[in-house]
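Data block below; observations after.
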Amino acid sequence: MYGIDGVELQSNFFKSKWRDVTQVMSTAANEFKVGQLAHEDDFNLFESMSALELMDPKMDSGMLVNGAPMQSISARLENCSLQLEFSSARDVLATLDALFCCEMGWLDGLPLAQSLLTSVYTHRDSLNALCAQLVTPLENLVKPDADIRLVLTKHVGKSAKDSLLLVMCAAILALLKTADLVRDAALRADIYEEEDFSPGKGFDLGVLAPLSEQAIDTLLQVTLERLEGLLVQHKNLFSKKTLKKKQTKKVNTASNSNSKSISASGYEMLHQNARIGAMLCEALIRRIQLRRELLTTYAGIGLAEGALDLQHARNGFEAAIKLIQEIATERIELDPECLGGKPIGFDPGISRLLLSGSPPRDVKVPSIDEALELMKKILSEMVVGCSPPNWRCIEDLRIFLTQFSRQLPTIVARSYVLLFLYADSKIYGKYNFMDWMTASMVMNGVPSVLLSTQEGVLYSSRCIETVYESLKVYLHNRSRQRPRIECLLNEWSILQAEATAVDERFTTEMNIPRAAHPRYFTSWSLEEAVQLMLHYVVLGLELELYLDYLEGTRLQNLDGTWALVEKMMEIMPAARLHEPLVIKQTHVSGKATKKSKAKSKKSYANHTPKALGPPRDLVDPIKARFLREIKYTELLRSLMRGYFQVFHALEREGLVQVKVPIYSTLALRFQHRFAAFQKVHYPAALTFEDYSQNSNFSLYEIDLIYKSSEECFKSARVHAEALLNDEEGVNTIATTDGEWVVRGLELPSLLKVCISNCVRLAQRSGCMRKMTTSENQMDFDFSIHPHFPILIFPSLFNTPQPRFVQPAPWRRRALSVFSRSTLLSPRSRALHLQATKASIEDAIAKEKALVFSKTQCPFCARVKNTLEGLKVNHQVIELDTRDDGTQIQSILLEITGQRTVPNVFINGKHIGGCDDIMLLHAKSELAPLLQK
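In the working numbering, the protein residues as written are 226 to 1157.
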């Protein structure tokens, strides 16, 4: 065996002669190409990558821990090191909470072996042994015809240990059965990403597996009855003690001895202190109630294979939410001694035995507060999933799925909603999928006579699976949706070709003149494809796939998105707006639907659209959808055009820096980002050459570009306000609870962005200065919307003048944008007020010295003269020269508690009025404060 340059590698390690080959290896490494390495002849890359690192606790499952090997569950049972009796109610309470945290960690994506299975009581052998302590033999409990209540009454004693053992067995069995139901639903939906949901990996209950949901529910009911009886006993004993203390100061020793005794009709107390024992009983009751509510609700839904009782499911989840809220607040009410227990039976190291040779991940199990919030989120999502609006068409369903997906639901809610889409062979067990798809085709101009032909029937049948998968894509994890859309676009490209052939044969046979634009099946397939394409683009923004060329901004490449939309809108000439509504619906509605996904993640995390009120007489659904999507498309089109233009102006001024790719070109990256569009026949994919040619603004002055972008933001604002006010009634969906605003969470965020950017551009126009120093770089605020930022121009207020009596860049122009809010609806007026407050807070934070003043006020004049005498740059806002001066004073009152002027801020902190400034000046503290 020989190595590099004839260096012999002896097969016998102990007979080898060691030589220094450092220089040889270094020389060889310099000549290596990418992917090459030096190795022996029998080297195997797979075996090398699969090798374990010995003595690493995360990889070597045979490593000694504290001088002893890791014990299996069976070994622990044999040497009696596994606790099967419980004497402390506090420890049982802590154990149940720890199990709850592990369960939530698993549902949030942690490996099963490092979450739930870290408890020894969730394993087969230990669980069977635990239940055998309760009922012996176990066969009496798992018989198909067993009377659970009778068996428990016969075998379970009345001691405190028996009570706690019953609580542990009931809670663990209910937890595992509920987790198994959720896992089965995720497997059936087949949209899971976590490998723990794969077939073959689950929970093994051993001999307890035959226990049905009804049997475990009876077990939980018996446990609740026992805990409620204990609660009554603790409360009665506490009342007696309290009464005796009032009657006499002598200690009743007989009363104390009863706390540990078993009365003739009761159970042994869980704690010596009756008050603490009552609290522990209440805490345990809430947890058993939660387990029972979850089990019965999930079992009632099942796999949604038959008729659905969504009202019962909603009631169950809402009841569980109330219990979660009670558990979350009980820590304030419980005695600290109740929370001092230690969890029993948890061993994180046991995962090394379960994971075999694969290294475990670095995980963090959520705390009890985090787990409660996560459970509340899951239950709230399930309530939304079980509360479908009164949909009228497949487009309403798509809007619901779009908004639902935007909230980033967990795998539990996504799986069940997907099962509901085909419950009892119908959408939510109520709507016929084929009827809706046919209605969608008719709404897009497909004649009924064409649908009734053999070719029309065959084509419709051919589209069923693809349409269903196009709806299903919204229920996948957001990061997994783009690859799914790429596959779907391939399918739609095939369907477009087939649709064109069917339409051509139909128009030829019927002697229908050719049209310049797509129609019939081609038009319908085009709309479906365009919706996926726009959703694909928006997901790229959300996943930050278009941001790798940039330095200093996250959104420079949004102009590519706008250019793509412009290209797609060429298929919708304005002349078609005058055609019948059925034809108009074809070309516009599909586009805006997917763009609606640009909602704020922060705003959407825990909320759903609010009902506006009782349903009103809605307009024709076809017309409503058409007008809604037209307005929303124009809103996004104007917004994206504004960004498209403003970023070109910023680049020309040097306020943003474009980082040219090192290992590729912009053209190559553009091609890769939108490669999925190349296979779609129509519309033709945008090329990088067309994009570059259409984005040349070098012929225009920078100020003109800024002015044009400001007009675009104003136009977008008008469209957003029209959709929010919805005077025409086209932006609502009727439900049993009233009317729901379509995209009701996204539109306010977009309106705020439009207003704020109008303010910023107006500030810049009023300033009329060039900012070319190296430290002047743009900043962008993504707190309102994750994709569309608020522009923050650098050093906008830094001027050589000591004071601005006339409005500074944002003073009259910036806040005057909000002075028209009195003409708007209450909802829009509230949004204007929020944006005004945000602008004021921003100015306070950025200015060294900011004075809110009035021109005729002598106290204001005194403050301004003092600041001028110190020769410091400061800004003055004269409120009596503004239309919105009163509104600004109200906002200052809310912020500082002071409405009067002067109102002075220095370095972002509120100083006060004239007396405060004069006092600081008299103490010689004002000048140092301004110099900081």
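Yeah, the Cβ is synthetic: ideal placement off N, Cα and C, and Gly gets one too.
**Message:** Does Q1100 come out as helix, strand or coil in the three-state DSSP assignment?
**Reply:** strand
**Request:** Express the C-alpha separation of G670 and E952 in angstroms, rounding to a whole number.
**Result:** The alpha-carbon of E952 is positioned some 28 angstroms away from that of G670.
**Asked** Between which two residues does the alpha helix (DSSP H) harbouring F325 extend?
**Response** 314–332
**Message:** Quick check on DSSP: helix, strand or coil for Q882?
**Reply:** Residue state, collapsed to three classes: strand.
**Asked** The alpha helix (DSSP H) spanning H760 covers which residue range?
**Response** 746–767
**Message:** Suppose contacts are defined by Cβ-Cβ distances below 8 angstroms. Is Y699 in contact with E723 by that definition?
**Reply:** no
**Item:** Reduced DSSP category for N1128 - H, G, I as helix; E, B as strand; rest coil
**Value:** strand
**Prompt:** Between M393, T663, S630, which lies nearest to S344 when the distance is taken from Cα to Cα?
**Reply:** M393
**Asked** Are there 16 or more other CB atoms within 10 angstroms of the CB of A1070, so buried, or fewer, so exposed?
**Response** exposed
**Asked** What's the gap between the Cα of Y888 and the Cα of T678?
**Response** 54 angstroms
**Request:** Let me know the secondary structure DSSP gives S650 once reduced to three states.
**Result:** coil
**Item:** Cross-strand partners of V966 (DSSP beta bridge)
**Value:** Looking at the DSSP output, V966 shares a beta bridge with T957.
**Message:** Between which residues of its own chain and L713 is the CB-CB distance below 8 angstroms, once the five residues before and five after are set aside?
**Reply:** T691, E694, S695, V698, L757
**Asked** Expressed to the nearest angstrom, what Euclidean distance is found between the alpha-carbon atoms of E1103 and A1147?
**Response** 26 angstroms
**Request:** Could you tell me whether the Cβ atoms of S576 and A338 are closer together than 8 angstroms?
**Result:** Yes, these two residues count as a Cβ contact at 8 angstroms.
**Request:** Please name the residue, chosen from F1005, E265, R703, F869, that lies closest to L626 on a Cα-to-Cα basis.
**Result:** R703
**Message:** Taking only three categories from DSSP, how would you classify H944?
**Reply:** helix
**Message:** Here's a check: name, in chain order, each residue in its chain whose Cβ is nearer than 7 angstroms to the Cβ of E876, leaving out the five neighbours to either side.
**Reply:** V883
**Asked** Looking only at its own chain, which residues have a Cβ that is under 6 angstroms from the Cβ of Q870, when we skip the five neighbours before and after it?
**Response** I930, S933, S934
**Prompt:** What are the boundary residues of the alpha helix (DSSP H) that includes N537?
**Reply:** For the record, residue 537 in the displayed sequence is His; it is not Asn. Its alpha helix (DSSP H) spans residues 535–558.
**Request:** Select from K977, G879, T890 the residue whose C-alpha is nearest the C-alpha of P1019.
**Result:** G879
**Item:** Spatial neighbours of K835 in its chain, beta-carbon cut-off 6 angstroms, leaving aside the 5 residues before and after
**Value:** Confidence is the limiting factor: at K835 the pLDDT is only 43, short of 50, which leaves the residue's position unreliable and the question unanswerable from this model.
**Request:** Figure out for me which residue from L307, S384, L359 has the closest Cα to the Cα of S351.
**Result:** Selected option, being the one with the closest Cα: L307.
**Message:** Strictly by DSSP, which residues pair up with H1135?
**Reply:** F1130
**Asked** By the 10 Å Cβ neighbour count, where 16 or more other Cβ atoms means buried, how is Q248 classified, buried or exposed?
**Response** Classification for Q248: exposed.
**Asked** Would you call the CB atoms of V608 and F542 closer than 8 angstroms?
**Response** yes
**Message:** The alpha helix (DSSP H) that contains S686, what's its start and end?
**Reply:** Per DSSP, S686 belongs to the alpha helix (DSSP H) from 679–697.
**Prompt:** What separation, rounded to the nearest whole angstrom, lies between the Cα atoms of E1158 and K939?
**Reply:** Shown here, the chain extends from 226 to 1157; a query on residue 1158 therefore has no answer.
**Request:** Please report how far the alpha carbon of G681 lies from the alpha carbon of V755, in whole angstroms.
**Result:** 22 angstroms
**Message:** Are the CB atoms of G1138 and I1121 within a distance shorter than 8 angstroms?
**Reply:** Note that residue 1121 is Thr in the sequence shown here, rather than Ile. Not a contact, by the Cβ cut-off of 8 angstroms.
**Request:** State the Cα-Cα distance for the pair T443 and F463, rounded to the nearest angstrom.
**Result:** 30 angstroms
**Message:** Between which two residues does the beta strand (DSSP E) holding V1076 run?
**Reply:** 1074–1078
**Message:** For a cutoff of 8 angstroms on Cβ pairs, would you count E935 as touching chain B?
**Reply:** Absent from the structure: chain B. Only one protein chain is present.
**Prompt:** Can you tell me the Cα-Cα spacing of L1075 and D1067, whole angstroms?
**Reply:** 11 angstroms
**Message:** What does the alpha-carbon distance come out to for the pair A314 and L559?
**Reply:** 14 angstroms
**Message:** Could you compute how far the alpha carbon of E562 sits from the alpha carbon of P573?
**Reply:** 26 angstroms
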